[in-house]
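Here the structure comes first, spelled out in structure tokens, and everything after it is commentary.
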Amino acid sequence: MPTRHPSDALLLDYAAGSLSEGWGLAVATHLALCPACRSRVLAAEAVGGAMIDAIEPAPVAEDALAATLARIDADPDPAPRSAAPVRREASIFPEPLRSYIENGPGLAWRKLGPSAHTIIIPTGDRATTARLLRIPAGAAMPVHSHRGLELTLVLQGAFHDEGGTYARGDIEEADEEVEHQPIASPGEDCICLAVTDAPLKFRGVARLLQPFLGI
Ligand SMILES: [Zn+2]
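Going by our numbering, the residue at position 102 of the sequence shown is 167; the numbering climbs one at a time, nothing skipped.
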């Protein structure tokens with residue numbers, strides 16, 4: 066059972082449907098692993114529904130339905146992407162993340178720096194970047210801070226940093242205030258989903274490598 070949860074602000078925005086797709090993917094994947102947060106979101110949705118019921122109905126323009134349908138027609142679903150086979154490793158990925166991987170790049174890990182690997186998870190959200198990270202057991206990521214928000218959800222193994230230890234299902238919310246150095250725990254490789262809305266800010270030598278790492 067996860068012990069590190071998204072903030073109430075994130076859960077409320079999720080329940081209200083106002084999170085953009087990248088953040089929503091991280092929160093929804095945490096929810097798949099966390100019954101406690103699922104209950105909180107259900108409660109928030111019930112409150113939100115009651116509030117909407119209490120609002121006086123507003124008059125709707127006569128052509129509203131036609132205009133909405135026209136917008137849907139003008140914005141067709143993107144063409145289906147080729148599904149690369151996802152191997153047994155996929156069992157660590159709950160929905161909705163699993164479908165994003167299977168309908169996107171598959172598990173095509175590419176090297177990130179000397180020892181880590183990454184896969185970019187395509188979403189329709191231009192405001193955020195979602196990626197899987199695989200950090201070898203015991204290895205350290207470079208010290209970094211943030212220009213925006215970083216949500217990190219652990220899917221396999223564990224890591225620790227200045228804020229504590231994070232294991233499967235745990236989510237870390239790091240903003241401009243946080244400078245940290247995640248270190249994978251020994252035992253097995255740490256695999257995370259990381260969502261950011263701005264490039265990370267590296268210190269020291271890692272900063273020189275940033276253009277090559279693209280993170
Ligand atoms: Zn939770």
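Every residue, glycine too, gets a C-beta built ideally from N, C-alpha and C. Since the structure is predicted, the reported quantities are computational estimates derived from the model, not experimental observations.
Local conformation of residue i per DSSP, three classes
{"i": "histidine 95", "result": "helix"}
{"i": "isoleucine 166", "result": "helix"}
{"i": "arginine 233", "result": "coil"}
{"i": "proline 145", "result": "Annotation note: pLDDT 45 at proline 145 (below 50); position unreliable, coordinate value reported separately. Coil."}
{"i": "aspartate 118", "result": "helix"}
{"i": "arginine 136", "result": "helix"}
{"i": "arginine 196", "result": "strand"}
{"i": "serine 210", "result": "strand"}
{"i": "alanine 74", "result": "helix"}
{"i": "leucine 90", "result": "helix"}
{"i": "leucine 175", "result": "Before going on, a small fix: residue 175 reads as arginine here, not leucine. Three-state result, arginine 175: strand."}
{"i": "leucine 265", "result": "strand"}
Paired residues, beta bridge with residue i - DSSP
{"i": "glutamine 221", "result": "Ile256"}
{"i": "aspartate 158", "result": "What sits at residue 158 in the sequence shown is phenylalanine, not aspartate. DSSP, once it has assigned bridges, lists no residue as partnering phenylalanine 158."}
{"i": "aspartate 226", "result": "Gly229"}
Of the residues the options, the one placed nearest residue i, counting alpha carbons only
{"i": "glycine 234", "options": "Gly203, Ser210, Val208, Leu98", "result": "Leu98"}
{"i": "leucine 107", "options": "Arg136, Ala131, Ile120, Leu76", "result": "Leu76"}
{"i": "isoleucine 166", "options": "Leu177, Ile185, Lys176", "result": "Ile185"}
{"i": "glutamate 244", "options": "Glu127, His211, Arg103, Thr230", "result": "His211"}
{"i": "proline 67", "options": "Glu237, Ala205, Leu162", "result": "Glu237"}
{"i": "alanine 204", "options": "Asp254, Leu177, Gly171", "result": "Asp254"}
{"i": "arginine 268", "options": "Val208, Glu86, Arg136", "result": "Val208"}
{"i": "lysine 266", "options": "Cys257, Ile256, Ala239, Leu258", "result": "Ala239"}
{"i": "alanine 263", "options": "Cys257, Pro124, Arg196", "result": "Arg196"}
{"i": "isoleucine 256", "options": "Ile117, Glu242, Thr230, Thr217", "result": "Thr217"}
{"i": "leucine 162", "options": "Gly213, Ala173, Arg69, His95", "result": "His95"}
{"i": "glycine 213", "options": "Ser156, Ala259, Phe158, Ser104", "result": "Ala259"}
{"i": "lysine 176", "options": "Ala74, Asn168, Thr261, Leu198", "result": "Leu198"}
{"i": "arginine 69", "options": "Ile200, Ala132, Tyr231, Glu241", "result": "Tyr231"}
Worksheet item: For the 8 Å Cβ check, are there 3 or more pairs between the segment 174 to 186 and the segment 103 to 119?
Response: Counting Cβ pairs under 8 Å, fewer than three are found: no touch.
Worksheet item: Within the structure, which residues are defined as neighbours of ligand 1 by a Cβ-heavy atom distance below 6 Å, reported in chain order?
Response: Here the residues close to ligand 1, judged by CB distance below 6 Å to any of its heavy atoms, are Pro67, His70, His95, Cys99, Ala101, Cys102 in chain order.
Worksheet item: Is the segment 224 to 234 touching the segment 190 to 198, taking contact as three or more C-beta pairs under 8 Å?
Response: Under the Cβ criterion (8 Å, minimum of three pairs), the segment 224 to 234 does not count as touching the segment 190 to 198.
Practice prompt. Taking 8 Å as the threshold, find out whether the segment 73 to 90 comes into contact with the segment 245 to 253 through three or more Cβ pairs.
Written response: Here the segment 73 to 90 makes no contact with the segment 245 to 253; the two share fewer than three CB pairs at distances below 8 Å.
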